[in-house]
Amino acid sequence: MKHERKDYNRFQDPQGLIPEDEPVFLLRGQDVLAPDLLMLWAQRLRNRGGSSYMAVVVEKHAEKMVAWQENIKQKLPDLP
-15 MKHERKDYNR FQDPQGLIPE DEPVFLLRGQ DVLAPDLLML WAQRLRNRGG SSYMAVVVEK
45 HAEKMVAWQE NIKQKLPDLP
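The sequence shown maps to residues -15 to 64 in the numbering used here.
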């Protein structure tokens, strides 16, 4: 799997389920933009007839990100 950020190459797929050349994008809990993006993603998933269960799982994950940001840390995304 290919990360745009080279310092994220340490995140790997040990089971080999993601093709080596597939682009992957990682959103961290501290990223102030991430929760809104996940909520939008869940909405679009529903709009296209995707799994409502998966949308709920993603929305709950977004809520966990908001809680993290309120209690631990938040910041704009950056590059090294």
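Idealized CB from N, CA, C, for every residue including glycine.
Residue i, DSSP secondary structure in three states
{"i": "V8", "result": "strand"}
{"i": "D(-3)", "result": "coil"}
{"i": "D15", "result": "strand"}
Cβ-Cβ separation, residue j to residue i (assumed contact under 8 Å), whole Å
{"i": "L60", "j": "V16", "result": "6 Å"}
Cα-Cα separation, residue i to residue j
{"i": "D(-3)", "j": "M(-15)", "result": "7 Å"}
{"i": "Q14", "j": "N55", "result": "10 Å"}
{"i": "Q53", "j": "L1", "result": "31 Å"}
{"i": "K57", "j": "E4", "result": "32 Å"}
{"i": "G33", "j": "D20", "result": "20 Å"}
{"i": "D(-9)", "j": "M49", "result": "22 Å"}
{"i": "E47", "j": "V40", "result": "11 Å"}
C-beta atoms of residue i and residue j nearer than 8 Å
{"i": "L11", "j": "F(-5)", "result": "no"}
{"i": "S36", "j": "R30", "result": "yes"}
{"i": "V42", "j": "A26", "result": "yes"}
{"i": "L24", "j": "H45", "result": "no"}
Boundaries (first-last residue) of the alpha helix (DSSP H) holding residue i
{"i": "V50", "result": "S36 to N55"}
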